[in-house]
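Reading through the C-alpha cells given below for one structure.
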Amino acid sequence: MAGMPSSLLRGLLRTLLGPDEQHALGDLDEELERRVQRGARRALAELWYGREAASLVVAVLVGRLVGVLSEEGIVSGLGRDVRHAVRALSREVGVSLVVAVTLAAAIGATTAIFAVADAAFLRPLPYPHADRLVRVYSGSREAPQAAFALSPLDVRDIRGADALVEDVGVWTLGETVHLTEGDEPRRLEAPRASASLFRILGVEPALGRFFVPEEEVPGGDDAVVLSWGLWTSAFGADREVVGRSVRLDGRGYRVVGVAPPAGALPRGAEAWRALALGPEWYDAGRWGWQFLGGVARLRPGSTPEAAARSLTGRLAEAVPQRVERGQTRVVRTLYEERVGTSGPAVVLLLVAVGLVLAMACANVVGVMLARAERRTRELGLRRALGSGPWPLVRIVLIEGGLLGVLGCLGGLGLARFGLAALTSADLEAMRALGSLSMDPRVLGFAFVVTASTVLAFGAAPALRALRADPQVVLRESGLRAGVSRRSARLRDGLVVGQVALACTLLAAVGLASTAFFRLVDRDPGFRAEGVLTAAIELPAGEYQGAEGVAFYRALIARLSALPGVTDAGGVQFLPLTGRNWSASIELVDPDPSVTDPDPGGNMRPVAPGYFSTLGIPVLEGRAFTDADDDASAPVVVVDRTLARRYWPEGSPVGRPVHVGALSGATATVVGVVESVPDESLARPGNGHVYFSVLQRPMRRMILVLRTDGEPSALAPGVRAAVREADPRIPITQVSTLEAVVTRSVAGPRIALVLLIAFGAVAVLLAAVGIYGVLAYAVAQRRGEIGTRMALGAAPAVVLRSVVGRAMRLWGVGALLGVLGALAAAGLMPRLTEEVHAGEPLPYVAAFAALAAVALLAALLPALRATAVDPAETLRVE
Amino acid sequence: MSAIGELESLILLAALRLGAVAYGVSIRDEIESRTGRRLTRGAIYTALRRLEAKGFLVGRLGESTPARGGRAKRFLTVTEAGLKELRSSTRDLDRMRAGLDDLLAET
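Protein chains in written order, with our numbering: chain A, 1 to 877; chain B, 878 to 984.
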C-alpha cells in the first residue's frame, strides 16, 4: 500500500522502536488506512505518511538520546558504563594502548601542522577589511617577481591614486636605535613611520595616540610610539608612560602612545618614531633613494593587479622616462605577503597529515572491529538477556570516546611539544609567523578532529552492536558470514599502502639522517665548545679613528683579564650566520696564472685574539697582534681558500694587496689561516680577508671569549666589562658559539625531526594495520582454524598461515615503497655533498626494518590462532 | 513531585473521557475534535512515554488485528496518581482564574 519512501521510513521506525513500542507504528498504519478508505488521493496520503513518520522518527531519536543520558540518571548510568568501558579496555591493555597511541600521534601531528598553517595563512589578519590592505612596492619589468622599497618621490606619486582609498602609510626600513632606559642600554628596531600608517591599517592605539601631521615636519618629529612588547618589557606596562621623555640614540623623544599587542606594521618593530621628510627628499635626482615600506587600502571592488596597472600608468604620466626604463609598481595583499613562499609547503604538510590521520582512522576501525568481533558473543548475550540495542551502542561509543579522550590528551601533549620545538628552533621562516601556541582555535581544531575521529571509528562497531542478533550469536555457529570478500581486500589494500608509505618514509629518514650526521660531523675549521659570543654596537658617530682603536684595545684587555677567560677577541660576523661583507681587493703583483678580472672576498674585521679564541689554526705566517694598529703599516690575514685562489703558486705571506675596506694604503699579507664556512657547514666559505679593528675600528662587533669552564657563566662578566667601558653600549645576542653552530643546522634538523616523526607514525600505523587485519582474520576464522586443528593440522601450520599473510602484506607493500623511494630519489640524485640518493643502505635497511615490524605485528594474532581449542570448536559445531 | 504540562493534561483528560478505548489514535482524535488542535505524532509519542514513565498512565496491549499491519493497540488507563495530579493541576488553574471570569470569558 505505501510506496518506497514510506516503506523506508517504516523500516527505519521498525528498527528504532523497541519491541513494546511497535503499537506506535500500528497507530500510524491505522490512520493511513482510514485516510485511504475515506478516499484520500494516493500521493497526498504518501505525503501525510511521510510527514507523520518523520515526526515520529525525530521524537523517538530525541527520546532515545535523552534516555541514553538520563534513563537511570546521568551520573549513575554513565558512571556505570564508563566503569564498564574502562574494564573492557583494560582487559586488552595492549590493543587499547595501540589505539590510543595511534590516535595521539595522528591528532598531535594534525594539530601541530594546523597550528602552523593557522598562523601562516588561516587566521584572519587583525584589521578591518583586511582583504583590501595591500603592500605597495616599486617593481621592475625585467624581474616581475621582485619587489623593491619606495623612495619619497615614489610615495608622492602613489598618494591619491584612484585605485586606493586616501593615503599611503610608510615606514623606513631597517633602522635601529639605542634606548637608554634603566640599567642597560637596549638596541631597538625603531622605524620612522608616517602618521597615516596606523590610520590606514585601522589599528587603534592601546594608550595615547598615534602621530599627528604636526609631527611630520622636520623639527617636530621627536614623537615616539612604543610597541606593546617594549612597553611591557622596558616600561613595566606603566600607564603613565604617555607624555614621558625617553632617549633614543642620545636624543630626547616624547612618548605619545602605545601600539596594541597585535597588528602593527612592520612586524618586529619595537617603537615607531615620527617620520619627517624635508623638501630635499623630493629633488628630481632622488628617485633611486628607496628606503620606505608602504601599505595602502584598495578601493572596494579594485584588485591588486588592477591597482598595480593603474599605479604604473600614473607613474608613466608623471615621469615617462622611468617607466620606459622598466620601472613598474607591484601591489600585493597582506594575505599574500603573509603566506609568502611557505604556503605550498604548509599545504603539502597539511595534506600529508590528513592522510596520516585517515590512515590512523582506518587502522583504528580495523582494531575496533577486531575487538567487536571478539565481543560479539558478549553483546549478543546481553541482547538475549533483554538489553535493547541502544545501551550497547552507548557502551561501544563510550569506549570509543574514552580512547578518543586518551588520544586527544596525548595528541595535545605531542602538539605542544612539537610547537615548542619549532618555536625554539629559531627559524627565520617560523619567526615570521609570530607566536605558535595552543590558542583556542588550535584547541578547537584538535577537539573537532578528535570528535570526528571517534565518530569515524566508533560508527562501525556501534553498527555492529546494533546488528548483533542474539539468536545467531547464541547459536555461535553463525560464523558471521557477513564479512564480504571485497571489504577484506580493501583492508589488505589499505595495509599494503601503509606499508609502502612507511617504507618510503623510512628510506627517506635513512638518507636524511645520514646526510645530517655527516654534516654535523664536518670539521668547521674552528672549535665551538667553550666559547661565548656577545654583540655590541657603539653609539652612532662616536669612537672614530684613534678613539675607537683605544676603545677596542682597552675592551679586549679588560675581557682577557676576566676570571676564567683564556682568550678573547672579536669579529664583525661570526661563521655560520650567513652574514657577510663582500668587497673587491686588488692584487698588486698578481701571479700570472690568476685570471680573475675582479678579485674579491669576504671582509672580516677582527679584534686581535679572534683566531686563538675560536681555535682557527694559523697555517702560515702569523695572526694579528696588539702592535698591528693605526700607527703601524696595514696588514691583512687571508684564509686558505683565498690564498689558494689568488696565490696558487707560492705563499701569499709578505705579498702586497690593496684592500679598499681597510685603508687607502697597500697592505701586506702577514698570515694564512684555515677556512671557515660562512653560511652553512655544507658549503665552504667564499674566501676571507681579515683585518684588525685596531687598524680600522668598526661600529658593530661580536665579542668572543674562550674559557675552560662553562661559557655562559662568563656572560655577567662581559656585561660588566662593557658597561665599565661605556654604559651606553647595548649588548645583544649573548650566546655560546655552540648554540650558533646548532642554529645553523636548525633547518635541516627540523626537516629531519619532522621526517622522523612522520616515519615513526607511518611505521606505527603499518604495524597496527597489519595487526588489525590479522587479528580480524583470526577472529573470523576461529571455527575454521579449530576444525583444521581437530583434523590434525599442527600449530606450526596455523602459525605459518598467519605469518605468511603478514609477510605477503609486507612483501608487496615494502617493494612498492622501495620503488617509490627510488623514483622520488631519481628526482633529486644528489641530496647534499655527503649523501648520494643512490646509496643502497637506507633502502635495504627500510625494507628489512619493516619485515621486523610485520613479524612483530603478526606475533600476537598468530599465537592467538594456535591457542584455538579444537575441542571447543567441535562442541560448538 | 513532577508537575505536568498543558499537553500532558490534555492527554490525561482525553484518556479519562475515552475510558477503555483510549489509545494513540483515539486520544489524538478526541483532542482534535474537542479543541481543534492537531497534535503531531512525535509530540503524542513523547508525551505518552513521559506520562507512562511518571506512572500517570499504564498501558496494556490489546489483541493483534490484521488491520494495523498486524500490530496490537496499546490501551491506556489513567492511574490513581494520574488522577491526583490532574485534580491538583486543574485546581491550581481554577484558583488562579477565580475572579477573572469577565476578562477570560469568550465573546
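Backbone N, C-alpha and C fix where the C-beta goes; we use that ideal spot for every residue, glycine too. The structure displayed is predicted, hence computed values, not measured ones.
Following the DSSP letters along the chain, one finds T866/A inside the alpha helix (DSSP H) bounded by residues P840 to T866. In this structure, the alpha-carbon of R655/A lies about 6 Å from that of V669/A.
Chain B places no beta carbon closer than 8 Å to that of H129/A, leaving this residue out of the contacts. Against chain B, the CB of L406/A has no partner CB under 8 Å away; the residue lies outside that interface.
Leaving aside the five residues that flank L265/A on each side, the residues in its chain whose CB is nearer than 8 Å to its CB run, in chain order, G169, W171, L197, L201, G293 and V295. In the DSSP assignment, W272/A falls within the unbroken beta strand (DSSP E) covering A271 to A274. Residue nearest to A871/A within the set L863/A, G792/A and G817/A is G792/A (criterion: CA-CA distance). Around the beta-carbon of T15/A, fewer than 16 other beta-carbon atoms lie within 10 Å, marking it exposed. Proximity of E33/A to chain B, defined by a Cβ-Cβ separation below 8 Å, is satisfied.
DSSP places V704/A in the uninterrupted beta strand (DSSP E) bounded by R700 to T707.
In the DSSP assignment, H178/A falls within the unbroken beta strand (DSSP E) covering T176 to T180. Taken in chain order, the members of the segment 939–969 of chain B whose beta-carbon sits within less than 7 Å of a beta-carbon on chain A are A944, R945, G946, R948, A949, K950 and R951. Among the residues facing chain A, G919/B is included, as its CB has a counterpart in that chain under 8 Å away.
Boundaries of the alpha helix (DSSP H) around S310/A: P304 to A318.
Among the CB atoms of chain B, one or more fall inside 8 Å of the CB of L25/A. The beta-carbon of Q498/A is placed no less than 8 Å from the nearest beta-carbon of chain B. Taking a contact to require three or more Cβ pairs closer than 8 Å, the segment 857–871 of chain A and the segment 532–544 of chain A do not qualify as touching. Around the beta-carbon of K961/B, fewer than 16 other beta-carbon atoms lie within 10 Å, marking it exposed. Within 10 angstroms of the beta-carbon of D154/A lie 16 or more other beta-carbons, which makes it buried. Taking a Cβ-Cβ threshold of 8 Å, none of the residues of chain A is close to R937/B; the smallest such distance is about 11 Å.
The residue from P711/A, L350/A, G250/A and G664/A with its alpha-carbon nearest to that of V734/A is P711/A. Contact fails between the segment 768–775 of chain A and the segment 565–582 of chain A, because fewer than three Cβ pairs, one in each stretch, are under 8 Å apart. The Cβ neighbour count for M973/B, taken over all protein chains shown within 10 Å, is under 16; the residue is labelled exposed. Residue contact with chain B for E30/A: present (Cβ-Cβ distance below 8 Å to some residue of chain B). Interface residue (Cβ-Cβ distance to chain B less than 8 Å): V58/A is classified as such. Ranked by how close their Cα comes to the Cα of I113/A, the residues L8/A, F445/A and A462/A have F445/A in first place. Contact between A814/A and L855/A is ruled out by a C-beta separation of about 12 Å, above the 8 Å threshold. Between the C-alpha atoms of A109/A and F933/B there is a straight-line separation of about 55 Å. Distance from the CA of V844/A to the CA of E738/A, rounded to the nearest whole angstrom, comes to 35 Å. Cα atoms of V657/A and A147/A: separation of roughly 38 Å, rounded to the nearest angstrom. Shown here, F148/A sits in a strand according to DSSP, grouped into three states. Shown here for D249/A: same chain residues with a beta carbon closer than 6 Å to its own, the five before and five after excluded, namely V177, H178 and A540 in chain order. By alpha-carbon distance to T577/A, the top candidate from V638/A, L681/A and D492/A is L681/A. If you draw a 10 Å sphere on the C-beta of L61/A, you find fewer than 16 other C-beta atoms in it, and that means exposed. For the options R80/A, T666/A, V672/A and E31/A, the alpha carbon positioned closest to that of A944/B is the one of E31/A. At least one CB atom of chain A sits nearer than 8 Å to the CB of R926/B.
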